[in-house]
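Right, one structure below, let's go through it.
Protein chains in written order, with the working numbering: chain D, 358 to 785; chain U, 626 to 995.
Right, here's the structure in full:
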């Protein structure tokens, strides 16, 4: 890496500052110009003709629908089996430590089922709207294809993402600590259009959305949100939804907890009150220190995590140029800034936001530093366009006590050791 | 509706969307829902009793139905087996370090119990309890939480008279007032915390993270300085077979059929893992009891429909009477496609599509004798 390259790029203002500051932190600083390692001898990968440079590779159609090359076989969703009693009512985790950019491929985007992922064809699909409407309606999938469509990028985060970390550092890797999240580009119908088609009566204040699977998972959504940015989606990342994400139709509720993003959507009931279903009373309510609980805690507050380095992505290349990268998001709006600390929150520097920061969508950040090979305590904190600054876990516990499992958006600490290994820790 | 009118409406709508304000023109899509259809699908029961069906049930009946359909997971007394939800007890525990959140101690509305049991339970056989049975189960849960006497009868008429102990225990999200005001402040950038960081908790101390064979956290990125061919990563084996699947799906005839009698330890171990899909309904081993499905001790090689005390579906009873034996071939066929093999079976399980999963689970089952 050369200084020239850093100054050539218009977007590297903050990162150049970060680079210089971390060099200062490194003490010795960096040697001017590139320091290229010397080869012990000619590299046979270059000097010898390799098989792939001589023989044929795969023909077209070797994989009519392709999977990632086998060298990426470690990049998969993963489950923590002891968390749940049954894999059909369970959750797994997106390998966010291994991904870049902001869009999550469907094939490795986390799954949460309450009675398993069902197979429901477009031909067998029906969507009902009933309750406090002028005219109760049934739509076929073909009917849905005739409504005007919108495209929205949105993150979907389980309210329990990070929940296992509420009591202290528990799982080793950001896939497990913050991986109940994915971010896709959805195409679908604004829910508003469907509600207007049925005609919501003035006394209708809540939309209860429920799924077609055996769990019949259902959540009450206030009408204002339903008429705002909720999407009845059937495409994700340019193709049909996957079975595990609700094929053929799911609800997209930007910024709000994943449990409300009803999969295999079959019914929208309009009521004058919340249904107070199991998933909005006994679950997804947040215990407070006085023994009472917050309910209707729908919004996912601003949060960030450094995805690399992290426990599953140790630093193996030794000291020198190091790319620190991570994700930030807010259910209340757009990420405007992400700060990174190398010393456990003593000092902070602004990271570079890469690409467009969209409201209620994952935002990628990078910080390029010159690592001195010394221990670091990496942290990141997100700031959104409401001015909300991601809090520490301690600040959240001060308000919510120790039994508040959901909505843990506290700052994550990675302990980078001198050998480049990374651990999930809490620090004082 | 004529095509031209459709087009006009379509463009009007597009225009309004671009212009901003909501449009209320209807496209005339969909059809009116019939009353029978609404009755079939709208089973929601609300706190004020909206949606309650006709019917009633008493505590004693509820205890019987609960023992048959619910106790396999929730325990005879709703105390919860293993990590399945505890439904009774926990009064006064909500400020404890480990609060016990049950129907009695936590749930604010009785309607939620009825709604959930009626639409979502039993696990693996949803929508099989009648309205009367649901009233009875709900009555039993009130009884097991000490909220009614043993002669109590719950019905549509007295349902809303029941007030749950924790009805006042919830309040709407107040984060904007209690948290946002604190967190919407300009953050400190330098010398924010005195001293050097001191580690107070380490995840490695708990050692509960899934691991790769090399002991690293599962899913760790490979070391790029080690040649790809010798990466000691188990996932690579998965990766080799995964891409092949869509292209060359093995047919049933070609599928490797394992020898269940051989009880290959690796196969048995794989089968134990696969069996987790079954374990919600089927119990194994000493002291196992019938649940949603029968106990499976000694099932391999045995006559079908012969487990004591289990109420089989008619199709299974009929096939058992016809001499069905759960040999390898029959189990393979049943497990691959339960409903295809036995139309009308009450085993609501999609099946094990992979031959290796079926072979593994049969090998695992064969290790459990009568």
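The beta-carbon is built from N, C-alpha and C at its ideal position, and this holds for glycine as well.
Name the two residues that bound the continuous alpha helix (DSSP H) containing residue 896 of chain U.
890 to 899
According to DSSP, is residue 754 of chain U part of a helix, a strand, or is it coil?
Note: residue 754 of chain U maps to coil in three-state DSSP.
Determine, for residue 647 of chain D, whether the minimum Cβ-Cβ distance to residues of chain U falls below 8 Å.
yes
Among all the DSSP beta bridges, which residues are the ones paired with residue 770 of chain D?
D:782
Inspect the beta-carbon positions of residue 818 of chain U and residue 703 of chain D and report whether they are closer than 8 Å.
Taking 8 Å as the Cβ cut-off, residue 818 of chain U and residue 703 of chain D qualify as a contacting pair.
Say yes only if the C-beta of residue 725 of chain U is nearer than 7 Å to one or more non-hydrogen atoms of the ligand NAD, and no if none qualify.
You won't find the ligand NAD in this model; it holds no ligand whatsoever.
Return the Cβ separation of residue 466 of chain D and residue 539 of chain D in integer angstroms, given the expectation that the two are a contact with Cβ distance under 8 Å.
4 Å
Closer than 8 Å between beta carbons: that is the criterion. Which residues of the segment 889 to 919 of chain U meet it against chain D?
Of all residues in the segment 889 to 919 of chain U, 901, 902, 904 and 905 have a Cβ within less than 8 Å of some Cβ in chain D.
Spell out whether any CB of chain U is found under 8 Å from the CB atom of residue 415 of chain D.
no
Touch check for the segment 550 to 562 of chain D and the segment 593 to 603 of chain D: three-plus C-beta pairs under 8 Å?
no
Just checking: is the beta-carbon of residue 970 of chain U within a distance shorter than 8 Å of some beta-carbon in chain D?
no
When we look at the beta-carbon of residue 511 of chain D and count the other beta-carbons within 10 Å, is it buried (16 or more) or exposed?
That one is buried.
Please report the distance separating the alpha-carbon of residue 476 of chain D from that of residue 676 of chain D.
Distance between the alpha carbons of residue 476 of chain D and residue 676 of chain D is about 50 Å.
Determine the chain D residues that contact residue 847 of chain U at a beta-carbon separation under 9 Å, and present them in chain order.
428 and 431
Beta carbon of residue 644 of chain D nearer than 8 Å to that of residue 719 of chain U
With contacts defined as CB atoms closer than 8 Å, residue 644 of chain D and residue 719 of chain U qualify as a contacting pair.
Roughly how many whole angstroms lie between the Cα atoms of residue 780 of chain D and residue 732 of chain D?
Their backbone Cα atoms lie some 11 Å apart in a straight line.
What's the gap between the Cα of residue 874 of chain U and the Cα of residue 978 of chain U?
Note that residue 874 of chain U scores 40 on pLDDT, short of 50, meaning its location in the model is unreliable and no value can be drawn from it.
8 Å is my cut-off, CB to CB: does residue 654 of chain U come that close to chain D?
yes
Helix, strand or coil at residue 513 of chain D according to DSSP, with G and I counted as helix
strand
So, helix, strand or coil for residue 470 of chain D, using DSSP?
strand
Based on Cα-Cα distance, which residue from D:550, D:514, D:647 and D:654 lies nearest to residue 637 of chain D?
D:654
Which chain U residues sit within Cβ distance under 9 Å of residue 652 of chain D?
733, 795, 796, 797 and 798
Check each residue of the segment 806 to 829 of chain U: if its Cβ is closer than 9 Å to any Cβ of chain D, include it; give the result in chain order.
807, 808, 809, 810, 811, 812, 813, 814, 815, 816, 817, 818, 819, 820, 821, 822, 823, 824, 825, 826, 827, 828 and 829
Chain D beta carbons: is any one of them nearer than 8 Å to that of residue 781 of chain U?
no
Following the continuous alpha helix (DSSP H) through residue 576 of chain D, name the residue where it begins and the one where it ends.
Premise fails: residue 576 of chain D lies in the beta strand (DSSP E), 575 to 579, not in any alpha helix (DSSP H).
List, in chain order, every chain D residue whose beta-carbon is nearer than 7 Å to that of residue 768 of chain U.
What residue 768 of chain U touches in chain D: nothing, since even the nearest Cβ is about 19 Å away.
Separation of residue 904 of chain U from residue 982 of chain U, as counted between CA atoms:
Here the C-alpha atom of residue 982 of chain U lies approximately 15 Å from the C-alpha atom of residue 904 of chain U.
Can you tell me whether residue 628 of chain D is helix, strand or coil according to DSSP?
strand
Do residue 740 of chain U and residue 572 of chain D have their C-beta atoms closer together than 8 Å?
no
Per-residue burial, residue 918 of chain U [other beta carbons within 10 Å of its own, 16 or more giving buried]
buried
Does the structure place the segment 676 to 687 of chain D close enough to the segment 753 to 761 of chain D that three or more beta carbon pairs sit under 8 Å?
Judged by Cβ distances under 8 Å, the segment 753 to 761 of chain D makes no contact with the segment 676 to 687 of chain D, as fewer than three pairs qualify.
Near-chain U residues of the segment 442 to 458 of chain D - C-beta to any C-beta below 8 Å:
Those residues of the segment 442 to 458 of chain D placed with their C-beta closer than 8 Å to a C-beta in chain U are 442, 443, 444, 445, 446, 452, 454 and 455, ordered along the chain.
Considering residue 665 of chain D, what are the terminal residues of the alpha helix (DSSP H) in which it resides?
First-last for residue 665 of chain D: 660 to 665, but that is the beta strand (DSSP E), not the alpha helix (DSSP H).
Any residues in the segment 690 to 708 of chain U with a beta carbon nearer than 7 Å to a beta carbon of chain D? Which ones, in chain order?
707 and 708
List the residues that DSSP assigns as beta-bridge partners of residue 730 of chain D.
Answer is none; residue 730 of chain D lacks a bridge partner.
Closest Cα partner of residue 720 of chain D within the set D:698, D:748, D:541 and D:555:
D:541
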